[in-house]
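Take a look at the structure below.
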Amino acid sequence: MKWLPNFKGMDFFPHDLRVPFMKYKGPAIALSVVLMLLSLTVFFVKGLNYGIDFKGGLVIEVQTVSGGPADISHLREKLGKLGVGAVQIQEFGSPSDVMIRVEQQPGGEEAQQVALKKVQDALQGEYTSRRTEIVGPAVSSELRFTGFLAVFVGVLAITAYVWFRFEWQFAIGVIVALAHDVLLTIGVFSLFQLEFDLSIVAALLTILGYSVNDSVVVSDRIRENLRKFKRMELNELLNISINETLSRTILTGCTAIVVLVALYIFGGEVIRNFNLAMLLGVVIGTYSSVFIAAPMLGYLGVKREWSGAKGTGVTASPPPSAARASK
Amino acid sequence: MHFSPFKQSVIWAVVVIGVLLILPSFFARETVEKWPSWVPHKQLSLGLDLRGGAYLLYSMEPGDVRKDWLENLRDDARRRLRDAKIGVASVGITGGSVQVRLTEADKADAAVKELRGLAQQIGSVLTGTTGTDVEIRKADGGVISIVPTEQGIQNRISNAVSAAIETIRRRVDPDGTTEALIVREGASRILIQVPGLTDTTELKKLVGTTARLTFHEVSRDMSAEQAKQTRPPAGFKVYEGGAREEGALVLRETPIVRGDELSDAQPGFDQRTSEPVISFRFNNSGARKFGNFTKDHVGQPFAIVLDDKIVSAPVIREAILGGSGQISGNFTVESANQLAIQLRSGALPAKLTIVNEKTVGPSLGADSIESGKMAGIIGGLATIVLTIMAYGTFGIFACFGLMVHGILTVAIMTMIGASLTLPGIAGLVLGIAMAVDANVLIYERIREELRAGKSGIAAIDLGFNRAFITIADSQLTTLTCAAVMFWLGSGPIRGFAVTLSIGILTSIFASVTVVRLLVSYWLRSAKRTPRGVEVPV
Chain A
164 MKWLPNFKGM
174 DFFPHDLRVP
184 FMKYKGPAIA
194 LSVVLMLLSL
204 TVFFVKGLNY
214 GIDFKGGLVI
224 EVQTVSGGPA
234 DISHLREKLG
244 KLGVGAVQIQ
254 EFGSPSDVMI
264 RVEQQPGGEE
274 AQQVALKKVQ
284 DALQGEYTSR
294 RTEIVGPAVS
304 SELRFTGFLA
314 VFVGVLAITA
324 YVWFRFEWQF
334 AIGVIVALAH
344 DVLLTIGVFS
354 LFQLEFDLSI
364 VAALLTILGY
374 SVNDSVVVSD
384 RIRENLRKFK
394 RMELNELLNI
404 SINETLSRTI
414 LTGCTAIVVL
424 VALYIFGGEV
434 IRNFNLAMLL
444 GVVIGTYSSV
454 FIAAPMLGYL
464 GVKREWSGAK
474 GTGVTASPPP
484 SAARASK
Chain B
5 MHFSPFKQSV
15 IWAVVVIGVL
25 LILPSFFARE
35 TVEKWPSWVP
45 HKQLSLGLDL
55 RGGAYLLYSM
65 EPGDVRKDWL
75 ENLRDDARRR
85 LRDAKIGVAS
95 VGITGGSVQV
105 RLTEADKADA
115 AVKELRGLAQ
125 QIGSVLTGTT
135 GTDVEIRKAD
145 GGVISIVPTE
155 QGIQNRISNA
165 VSAAIETIRR
175 RVDPDGTTEA
185 LIVREGASRI
195 LIQVPGLTDT
205 TELKKLVGTT
215 ARLTFHEVSR
225 DMSAEQAKQT
235 RPPAGFKVYE
245 GGAREEGALV
255 LRETPIVRGD
265 ELSDAQPGFD
275 QRTSEPVISF
285 RFNNSGARKF
295 GNFTKDHVGQ
305 PFAIVLDDKI
315 VSAPVIREAI
325 LGGSGQISGN
335 FTVESANQLA
345 IQLRSGALPA
355 KLTIVNEKTV
365 GPSLGADSIE
375 SGKMAGIIGG
385 LATIVLTIMA
395 YGTFGIFACF
405 GLMVHGILTV
415 AIMTMIGASL
425 TLPGIAGLVL
435 GIAMAVDANV
445 LIYERIREEL
455 RAGKSGIAAI
465 DLGFNRAFIT
475 IADSQLTTLT
485 CAAVMFWLGS
495 GPIRGFAVTL
505 SIGILTSIFA
515 SVTVVRLLVS
525 YWLRSAKRTP
535 RGVEVPV
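Structure below.
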């Protein structure tokens, strides 16, 4: 491949930097606990703004036939008189697009169909339908149940995996970090009353995957260093491991964020909230694996006698700080 | 860092096959059809949210199925005991079972033996157990109850759902030409997806009626008014009139003939009044039953009942032995046509209600595709720029790996027929970000080894080997999440989970194996300095 220009990338990361993460573990965990409690409080006080998937009801997205801007106040008045309960109307993406939400109708599955017919008849002529969705009472309660179950099972499955691959202390760190990620994301959605629907559950699960991905990379390094520096003080070792993987954590995080920002801006109205949740999650997840999952090991302690060939793969000379510690 | 020629050719073959598989998706269907036969023709299917269409989730009422079954059991029990000459005081349905009271209590054992014949052996493939669908229980005083078992009910519902799916298919897609998807979902639900359809009114009408046609004997002794005040005679029931009919009538509950004995039903016009009617013809056994009945009841009315509502109640002028007839009753041309289709396709075993409905117009779908493309291109470009900036020449290899990753993900989706949805696009883009992570892990590791004083070749080798364990670990955890999403999620979540999982699986090949191969090519021609190879990372 002589034709390919050889050029180095920019290694912008100061590798000699040793951020004393372990020194901050007390305040960091305290902060996270406070944030988690706040999220819980907000969740219990304000609740979540459930989307149609979880709450049931109708959503109708329409566009004006003329292509001009929609007269929302007129629409509100017109649909308010139909006797289908609370109707929410908002602009959606562009002035000619309107999203209409009708609350779940009392009286079972068929009542929803009747309400849809009423709204459609009222819109006839002025608007064309772009999307309709009806979620009946049976399906919405089912989705709510399986949605929360999915997040719960997701956390457990990941924790089991980490336990199996590492040690129980790692699994505890991971489960706390994951609970932290889920709670904080839910907290933000509750605080700003952003719509929480099925796609947000998918986002939460992906966030779990991403966050644990980060934690696993750090844990892997911790395990490797545990084999390499058998006598190093644990906090020191954890700190080195976090710092050594920091460039990767930041670079991968940045790539994910750039991609998600592109999706958020250009991906369209339909998946905007989903992307927002993912963005939030990547930031929170990165924070939690650096500041919670790994430092937790400092409190829990970890087995020091790791089997396996000494220094599987790498036999780097210990960094200056490590050399000091092992003296 | 050595690849045998065989290994190399396998890797490149996979890439080429991937390209061939995604190729058809970039062309119009008509163009693809003209291609030679050895080129793959299958295109990536788009989900309803991208191409527009209707999605209807129907739920079957288990109560209906149970009621129907109990009624059948009751009639069968009565007939069996009559044939066995065992005297019966009463047979009725109470609390989910059929209660038989014998006139002579000492014949109970013989009756139980006779009724055992009603029970059918059913087996469950899932649990591997077998049992009967009903239990016969004997109580004191010559009372015998026929109790459906839980397994029996499940079995009935399952069969009813299968039958309903067949019926719906015959109604919605009689020629098998549309792309309508009609499948079972869970124990008692049916999912119907029709791409391109946005007005679901017709579809709902076609699916929503059970179209259970029955012919009943009309009671001569009692009018509906009388029956409502007192009680209808045993075996009779008050049926409400349909649209034009004068009113309710008292009819015998057990029909003379059922609609499933029809061999044909066609819309037409009455020769005298020229109003729309439906002409029908019974099969042999139906014609015989109907013939026998009309022979004995000349001059009396009988009732044609559709979904428990009387459509018409004509008077029998003469015995109808040929087995064909005509239903009239306030039809329009369209409704006569629809009813004919429904009668031809058979009745639904139970009522179906819509529990979830989604329609997406074609314009919204097109918009979503546009924004998905836009986001994909910009996200992809940003990733490429970032990667090359961070890792130089090796960054270019990583980007090639990303391209292979994208190609293979779409290729596998095309191959297994998974459809691309809007959340799926997000999963695809996210998969790219995850694939980058694999390269970041490898390259950061190489840099680390270089800083630790390793030679270029050793650093590259160690980087790939050591990072692989971490990559596998981190990908497997994400895969765990995707599996949970697929297992518990529905619709959009599943689409997302599928693309994410495929993305993760291909990323190991694309971002590790392919990139490693490229690096090995590069190493062959790399400039050697006295200090070894200068690694451009």
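Protein sequences, first through last, are from chains A and B.
Counting from 164, one number per residue, gives the positions in the first sequence under the numbering used here.
Counting from 5, one number per residue, gives the positions in the second sequence under the numbering used here.
Here a beta-carbon is modelled for each residue, glycine too, at the ideal position from N, C-alpha and C.
Bear in mind that the values here come from a model prediction, so they are computed numbers and not experimental data.
Min CB distance residue i to chain A below 8 Å
i         : result
LEU2(B)   : This structure cannot settle anything about residue 2(B), because the visible part of chain B is limited to 5 through 541.
TRP16(B)  : no
GLY383(B) : yes
THR214(B) : no
ILE21(B)  : no
SER328(B) : no
PHE500(B) : yes
SER13(B)  : no
THR517(B) : no
LYS313(B) : no
ALA386(B) : yes
GLY333(B) : no
PRO199(B) : no
TYR365(B) : Position check: residue 365(B) holds Gly in this sequence, whereas Tyr was assumed. Closer than 8 Å to some Cβ of chain A, the Cβ of GLY365(B) qualifies, so yes.
Cross-chain neighbours of residue i in chain B, by beta carbon under 9 Å
i         : result
TYR324(A) : ASP477, LEU480, THR481 and THR484
Spatial distance of residue i from residue j (CA atoms)
i         : j         : result
GLU387(A) : PRO427(B) : 37 Å
PHE333(A) : LEU460(A) : 7 Å
GLN251(A) : ASP260(A) : 14 Å
ASP68(B)  : GLN276(A) : 21 Å
GLU170(B) : LEU347(B) : 13 Å
GLU265(B) : PHE294(B) : 10 Å
GLU452(B) : VAL488(B) : 36 Å
VAL359(B) : GLN197(B) : 14 Å
LEU483(B) : SER289(B) : 58 Å
ARG188(B) : GLY421(B) : 18 Å
Contact set between residue i and chain B, taken where Cβ atoms lie within less than 8 Å
i         : result
GLU407(A) : GLU452
PRO168(A) : THR397
LEU357(A) : None at all; the shortest Cβ gap to chain B is about 17 Å.
ILE385(A) : None at all; the shortest Cβ gap to chain B is about 11 Å.
LYS165(A) : SER529
Exposure label - residue i; buried when at least 16 CB within 10 Å
i         : result
GLY376(B) : buried
GLN275(B) : exposed
LEU424(B) : buried
LEU238(A) : buried
ASN163(B) : exposed
HIS343(A) : buried
VAL389(B) : exposed
Residue i at chain C interface by Cβ criterion, 8 Å
i         : result
PRO427(B) : Structure shown: chain C not included; protein chains present are A and B.
Residue-chain proximity (residue i, chain B), Cβ-Cβ < 8 Å
i         : result
ILE321(A) : yes
GLN508(A) : No information on residue 508(A) is available, as it lies outside the stretch 164 to 490 that chain A covers here.
MET199(A) : no
THR348(A) : no
LEU312(A) : yes
SER236(A) : no
VAL298(A) : yes
GLY372(A) : yes
SER410(A) : yes
SER480(A) : Because SER480(A) sits at a pLDDT of 46, beneath the cut-off of 50, its placement in the model cannot be relied upon, and the point is left open.
Chain-ordered chain B contacts of residue i [CB-CB under 7 Å]
i         : result
GLU272(A) : THR357, ILE358 and VAL359
MET173(A) : MET393 and ALA394
HIS178(A) : ARG455
Neighbour list for residue i in chain A, Cβ cutoff strictly below 8 Å
i         : result
ASP371(B) : GLY431
GLY376(B) : GLY430 and GLY431
LYS209(B) : The premise fails here: LYS209(B) is roughly 12 Å from chain A at the closest Cβ pair, so nothing lies under 8 Å.
Proximal residues of chain A, C-beta to C-beta of residue i below 7 Å
i        : result
VAL69(B) : Neighbours of VAL69(B) on chain A: none; closest Cβ ~17 Å, over 7 Å.
Within chain A, partners of residue i - CB distance below 9 Å
i         : result
GLY545(B) : In the structure as shown, chain B starts at 5 and stops at 541, and residue 545(B) therefore has no counterpart that could be examined.
Subject >> chain A contacts made by the stretch 440-474 of chain B, where a contact means CB separation under 9 Å >> reply: VAL440, ASP441, VAL444, LEU445, TYR447, GLU448, ARG449, ARG451, GLU452, GLU453, ARG455, ALA456, GLY457, LYS458, LEU466, ASN469, ARG470, ILE473 and THR474
Original post:
Which residues, in chain order, does the stretch 210-233 of chain A contribute to contact with chain B at a C-beta distance below 8 Å?
Top reply: GLU224 and GLN226
Subject >> Contact list for the stretch 518-531 of chain B against chain A, Cβ threshold 7 Å >> reply: TYR525, TRP526 and SER529
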